[in-house]
């Protein structure tokens, strides 16, 4: 966690973004590092956890981080939680909580609330489009032999 805090401070000093740093650890060794780079890269997905996951996957040459843990300065937002699950990371350690982040201008509470609502009731509406064509695409993919599932 101390390395994650150090990375966050470094990113703040560079003007990359907020106080969010993260490290991915496997068997006590750091295998990926990241810090919030949203402002520095104009990429709203460049949160500390996401950049650490990208770094670990690039270093290991895999998209599967099973057996790893993530240490992050702040409790992960819904996007980062999704990425942590997709990466198969087994444990999360965080420094400050969602409400602590909200107190300094990073309020994720509405995002968490939106995820619990039915799609029709969310602030950003969603609906099906070209369902038949999309199902055809999915069926084509299902027939590909030897594909790697993730």
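Residue numbers (this note's numbering): 640 to 789.
C-beta atoms are modelled at their ideal positions from N, C-alpha and C, and glycine is treated no differently.
Ranked by Cα distance from residue 646, the first of 686, 681, 665 is 686. In the three-state DSSP reduction, residue 719 falls in the helix class (H, G or I). Across the set 786, 642, 781, 738, the C-alpha of 642 shows the shortest separation from the C-alpha of residue 691.
Within the segment 647 to 700, the complete alpha helix (DSSP H) segments at least 4 residues long are 677 to 680, 687 to 699, listed from N- to C-terminus. If you draw a straight line from the Cα of residue 667 to the Cα of residue 771, it is about 48 Å long.
Residues 674, 675, 676, 678, 679 of the same chain have their beta carbon placed closer than 7 Å to that of residue 655, with the five preceding and five following residues left out of the count. In summary, residue 711 is buried, with 16 or more beta-carbon neighbours lying within 10 Å of its beta-carbon over all protein chains present.
If you draw a straight line from the Cα of residue 742 to the Cα of residue 658, it comes to about 13 Å.
For residue 735, no alpha helix (DSSP H) segment is defined; the enclosing uninterrupted segment is the beta strand (DSSP E) at 730 to 735. The three-state reading of DSSP puts residue 788 in coil, since its state is none of H, G, I, E or B. Taking C-beta separations shorter than 7 Å and ignoring five residues to either side along the sequence, the partners of residue 640 in its chain run 710, 732, 734, following chain order. Here residue 769 is exposed: its Cβ has fewer than 16 other Cβ atoms, across all protein chains shown, within 10 Å. By the neighbour-count criterion, in which 16 or more other beta carbons inside 10 Å mark a residue as buried, residue 683 falls on the exposed side. Straight-line spacing of the CA atoms in residue 722 and residue 696 works out to 12 Å. In this structure, residue 707 places its C-beta atom within 8 Å of the C-beta atom of residue 663.
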